[in-house]
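In this text, residue positions in the sequence shown follow numbering that gives the first Met the number 0: the first is 0, and each later residue adds one.
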Amino acid sequence: MQQKLERSTVIIYSSARKNGNTQAHVNSFAEQNNVRVICLDDYKIAPYCYNKNYKNDDFYAVFEALLTYDHWVFASPVYWYSTTVQMKLFIDRITDYMDDEALKPKLRTLRSKYFSVLSNASSSEAPACFIEQFKNTFSYLGMQFINHSHKSTQKVA
């Protein structure tokens, strides 16, 4: 994803280690493209709950802010073929917009949006299942996939 972006873009990332490989990948992409970065680890996002009883939760504010962008770039290290817990919590909470008739129109705006994925791991490529979780979820919501960029953290001897 080295080309200059033509859409308003935001990077949504999470990592268990601040100032680690994921943040370096995010910072490099952000600097090249002058985009906003939102670190999910800086927010309290509760697990999805059927009764929607969330106390002091930041999910709605974060999601509403993201709706102003046309291109969402998800960034995460690969942990056991999956993403971080905080990223998964964020994705699960999108269900709130599917369950609530008043919120569904906002969810439908995703149909005009795009998404990409940044990943890093010690492997030379991200596992297909890692990328597929994003593709399946956000394609289901009507977003169009643009690109995936993976960085290996393996040191060359």
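Glycine residues also receive a C-beta, built at the ideal position from the N, C-alpha and C atoms.
Just so we're clear, the structure is a prediction, and the values are computed from it rather than from any experiment.
Anticipated Cβ contact below 8 Å, residue i with residue j, distance rounded
{"i": "Y113", "j": "M142", "result": "6 Å"}
{"i": "L140", "j": "L102", "result": "Not a contact, Cβ separation roughly 13 Å."}
{"i": "A29", "j": "I10", "result": "6 Å"}
{"i": "D40", "j": "Q85", "result": "5 Å"}
Simplified DSSP state of residue i, which is helix, strand or coil
{"i": "A120", "result": "strand"}
{"i": "C128", "result": "helix"}
{"i": "K105", "result": "helix"}
{"i": "I10", "result": "strand"}
{"i": "R35", "result": "strand"}
{"i": "M142", "result": "coil"}
{"i": "A74", "result": "strand"}
{"i": "K87", "result": "helix"}
{"i": "K134", "result": "helix"}
{"i": "Y49", "result": "coil"}
{"i": "E5", "result": "coil"}
{"i": "N113", "result": "Correcting the residue type first, residue 113 is Tyr in the shown sequence and not Asn. Residue state, collapsed to three classes: strand."}
Proximity to residue i [Cα-Cα], best of the options
{"i": "A64", "options": "Y78, R35 and S115", "result": "R35"}
{"i": "T152", "options": "V77, T94 and S111", "result": "V77"}
Burial state of residue i, where buried means 16 or more other Cβ atoms lie within 10 Å
{"i": "K17", "result": "exposed"}
{"i": "S7", "result": "exposed"}
{"i": "N119", "result": "buried"}
{"i": "Y68", "result": "buried"}
Proximal residues to residue i (C-beta, below 7 Å), its chain only, five neighbours per side dropped
{"i": "C128", "result": "Y80"}
Close Cβ partners of residue i (< 6 Å) along its chain, the five nearest in sequence each way excluded
{"i": "T83", "result": "S13 and S75"}
{"i": "P126", "result": "Y80"}
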